[in-house]
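Chains as they are written, first to last, in the UniProt record's numbering: chain A, 1 to 241; chain B, 1 to 241.
What follows is the structure, given as structure tokens:
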């Protein structure tokens, strides 16, 4: 039996989290796949307890999923169309898995609660992917990172939510100096540039980019990275503020 | 008796609208004052019907208040702290007006519905102030425009909502060319510059500003404005897209 603890939460309001990570020169998104038959991928999400703020709810959901506290988090938009198709998602799940299977996993009152229309608040998070150990919740068969260019088809409007989160990330990238949240504690200037190029989906001139970033005076230069070839080794940097 | 029609709406979810207008070189915000004793100013707001999207709800609320359709509208943030103090607002209202007065205006079941915690979606709208005839709803004593620098103290977190809307408007002003929504159909270049200066709260160089705006190729130049002095009369422009 999967417990939704419906009575503790604000009804018809959910939170969906787009968790961005960066590795192998790709922007990645974390997506759990449900245990039910039918290939249901989704965004990590949850509900808002009556006694917590919406930001606290988003942090709790992210911590449950990634094991990390103090994640960089932005609320970016609310998804409130009437045809977000929560009901048709549940109809399809029931069709593919059988009513008995669904009845075995959810109590009837909670099922009534969760099949209503939901308005969902979208948050995106930026994480150092090397620090995350994705956590499966009780309804998950798997939780994996997917290239943003190659996401599986997700339930409801979750693919649209990812697309909107990416637009918001692109708009915020310069304004708020948030890209560094996708990097480990120390990094090379090349790694910073790769993130900008992949997120903005364009090539940047190396010299201009490096000058712009260094002129911001937010990085501390450390020793050279050990590569075996002292001459060509790039410097390591660290966020200094 | 004030009807909230609670049963038609999503519970614990509201919409608050910051309606911006521009006149006498001031950015203005529309604020209704409630009929109850205690000087309760607020933002125009409402709830989301089960059968309408959140954007439709915001448009409906704005149309009810201003009489205008096709208003420029941006969803900018959700306000979801647990201490938004809906209950303490109702406590204070009851204290100042008496329980009998409140009981006379609200039915008990709806009062129970509306005194719960609400999560509120903030929208801001930009209007041509000359086209708006503010509409009083049944709980309003007045609906007036106030200078944003000189707003009355509002209920709950409504003053914070205005402050957040202004920050969002400032960020979007260049990116999205939205300032023209605050102007009547034809305007002088000086009027455009005034809006930018007031919203961004800084003085702009006239020649640079005019060049930047004209280079955008979004305006059509019309005849000169009639001022009685043909020589110094400024050109009128119109949004051309």
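All C-beta atoms, glycine included, are put in the ideal place defined by N, C-alpha and C.
At least one C-beta of chain A is nearer than 8 Å to the C-beta of residue 78/B. Residues of chain A whose Cβ lies closer than 8 Å to the Cβ of residue 53/B are, in chain order, 80, 81, 82.
Remark: three or more beta-carbon pairs, one from each stretch, lie closer than 8 Å, so the region 16-30 of chain B and the region 56-64 of chain B are flagged as touching.
Within the same chain, 1 come within 7 Å of residue 107/B by CB-CB distance, once the 5 residues on both sides are set aside. Rounded to whole angstroms, residue 147/B and residue 44/B show a C-alpha spacing of 16 Å.
Here the region 105-125 of chain B makes no contact with the region 223-237 of chain A; the two share fewer than three CB pairs at distances below 8 Å.
By alpha-carbon distance to residue 163/A, the top candidate from 179/A, 142/A, 214/A, 123/A is 123/A.
Burial state of residue 103/A is exposed, judged by a 10 Å Cβ sphere holding fewer than 16 other Cβ atoms. A residue is called buried once 16 or more other Cβ atoms fall within 10 Å of its Cβ, and residue 218/B, having fewer, is exposed. Only those residues of the region 117-147 of chain A whose C-beta falls short of 7 Å from the nearest C-beta of chain B are listed: 117, 119, 121.
Excluding five sequence positions before and after residue 227/A, the CB atoms of its chain that fall closer than 6 Å to its own CB belong to 233, given in chain order. Secondary structure remark: continuous alpha helix (DSSP H) runs of at least 4 residues inside the UniProt domain "Nudix hydrolase" (10-168) of chain B, in chain order: 54-66, 86-97, 99-105, 108-114. At least one CB atom of chain B sits nearer than 8 Å to the CB of residue 11/A. The shortest C-alpha to C-alpha distance from residue 83/B to any of 99/B, 120/B, 76/B is the one to 120/B. Of all alpha-carbon atoms in 225/A, 204/A, 185/A, the one lying nearest the alpha-carbon of residue 238/A is that of 185/A.
In this structure, DSSP gives residue 197/A a helical state, which the three-state scheme calls helix.
Judged by DSSP in its simplified three-state form, residue 185/A adopts coil rather than helix or strand.
Note that the C-beta distance between residue 12/B and residue 11/A is below 8 Å.
For a Cβ distance threshold of 7 Å, nothing in chain B lies close to residue 24/A: the least Cβ distance comes to about 32 Å.
Its chain contains 102 as the residues whose beta carbon lies nearer than 8 Å to that of residue 94/A, once the 5 sequence neighbours on both sides are disregarded; these appear in chain order. Distance from the CA atom of residue 168/A to the CA atom of residue 189/B, rounded to whole angstroms, is 31 Å. Selection 76/A, 51/A, 50/A, 31/A evaluated against residue 42/A yields 31/A as nearest (Cα-Cα). Relative to the Cα of residue 8/A, the nearest Cα in the group 178/A, 110/A, 182/A belongs to 110/A.
Only 48, 50 from the region 39-50 of chain B bring a Cβ to less than 8 Å from some Cβ of chain A. Scanning 132/B, 50/B, 105/B for the CA closest to the CA of residue 139/B turns up 105/B. In chain order, 33 place their CB closer than 6 Å to the CB of residue 142/A, counting only its own chain and leaving out the 5 sequence neighbours on each side. With respect to residue 78/B, residue 133/A sits apart: the two C-beta atoms are not nearer than 8 Å.
Looking at the DSSP output, residue 219/A sits in a beta bridge with 239/A. Distance from the CA of residue 203/A to the CA of residue 193/A, rounded to the nearest whole angstrom, comes to 9 Å. Chain order gives the chain A residues near residue 75/B as 77, 78, where near means a beta carbon separation below 7 Å. Within the same chain, and ignoring the five residues on either side of residue 23/B in sequence, the residues whose Cβ sits closer than 7 Å to its Cβ are 129. Per DSSP, reduced to three states, the secondary structure at residue 224/B is strand. By the Cβ-count criterion, residue 211/A is exposed, with fewer than 16 other Cβ atoms from all chains shown falling within 10 Å of its own Cβ.
In the three-state reduction of the DSSP assignment, residue 3/A falls in the coil class, being assigned neither a helical nor a strand state.
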